[in-house]
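Undergrad: Quick one: structure below, then a few questions.
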Ligand SMILES: [Zn+2]
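In my numbering, the protein residues as written are 2 to 269.
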C-alpha cells in the first residue's frame, strides 16, 4: 500500500515536472515541439513500467490473481521447487493436514528432483509451469519464452503423465509475449494475491504473521519451497511456519483449494 502511494506520488510529480519542462523548452528557440511531449513520455514510461513489473496488471492481457469472494476459498501456491529436502517435508505436512496445493515448478529443478515431481502429482496436487531457468522474461524474445515454457511442460508431462495448465512468470514480470506464449502452450497465466517474502528468511513468526494478516477470502498465497534454481536453498522457515498457517486458515473457515479449483469456482 505504501509502495503504491509512493509510486502514485512519484508519477504525479514526474508529470508536473515534465509539464513545466515542456512549457519552458517550448519557449526557448529550440522548442519546436508541443508542451505535451514530456508529460506524455513520462506517462508512457509509467504505464510500461507498471505493465512489466506489476504482476496483476491487465495491460498485457487478463491475469488470474485472486478468486471470487464469497466462496471462502484460499489457494496456497509453492514456487521455485522442487527443492529437497524441503519439498518432501511440505508434502508430508499437506498430507497430514489433508490439504491440496499448487506447485509452480522450475524445469531445471524438476530434472534434479524427478521423484518429488512424481510425488506432487501422485498426491493430487496441481502442477504449474514456472519456466525452466527462472530468468527474467521481459528481456527475452517470444521464441525464447516459448522454449522455456515448452521444455518445462514436456519434462513435467514425461515424469507425471500430466501437462501443466497453469503458468506463472518468474517474479510475475511479463512483456507483451509472455501471456500469449503461455496460452499457446495451453497454460493460463496466473499471479498471486499475497506474497510474504519468505525467501528473505525473515523468521518463522514473521512469515506466519505476514500470512495471517493478509489472508482474505479468495486469496492466492505465494510461498516458496525453493529459491530460483539454487540447489538446496534453505526453505526451513517456511516449512516450520506451514502447519500454523494451514491450521489458522482452516480455523477462519476457509477451504484450501488448488488454483484450478479456485478458477472453477470463480467461473460458476
Ligand atoms: Zn519464482
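Idealized CB from N, CA, C, for every residue including glycine.
#1: Can you give the beta carbon distance from residue 75 to residue 239, rounded, assuming they're within the 8 angstroms contact cut?
#2: Which partner residues of residue 130 appear in the DSSP bridge assignment?
#3: Run through the stretch 184–265 for me and flag every whole beta strand (DSSP E) of 3 or more residues, listed as ranges in chain order.
#4: Check residue 61 in the structure and name its three-state DSSP category.
#5: Grouping DSSP H, G and I as helix and E and B as strand, with all else coil, what is residue 75?
#6: Put residue 99 into one of helix, strand or coil per three-state DSSP.
#7: Taking the Cβ atom as the reference point for each residue, do residue 146 and residue 168 lie within a distance shorter than 8 angstroms?
#8: Mind checking which residues open and close the alpha helix (DSSP H) that includes residue 115?
#9: What residues sit near ligand 1, counting only those whose C-beta is closer than 5 angstroms to one of its heavy atoms, in chain order?
#10: Determine contact between the stretch 237–253 and the stretch 43–63, defined as no fewer than three beta-carbon pairs at a distance below 8 angstroms.
#11: Since residue 156 and residue 112 should fall inside the 8 angstroms C-beta cutoff, what is the C-beta to C-beta distance between them, to a whole number of angstroms?
#12: For residue 82, name the three-state secondary structure that DSSP assigns.
#13: Beta-carbon within less than 7 angstroms of residue 152's beta-carbon, same chain only, minus the 5 sequence neighbours each way: which residues are those?
TA: So, from the listed chains and residues:
#1: So it is not a contact: roughly 16 angstroms between Cβ atoms.
#2: 106, 168
#3: 221–225, 256–258
#4: coil
#5: strand
#6: coil
#7: no
#8: 115–123
#9: 80, 81, 171
#10: no
#11: 6 angstroms
#12: strand
#13: 108, 133
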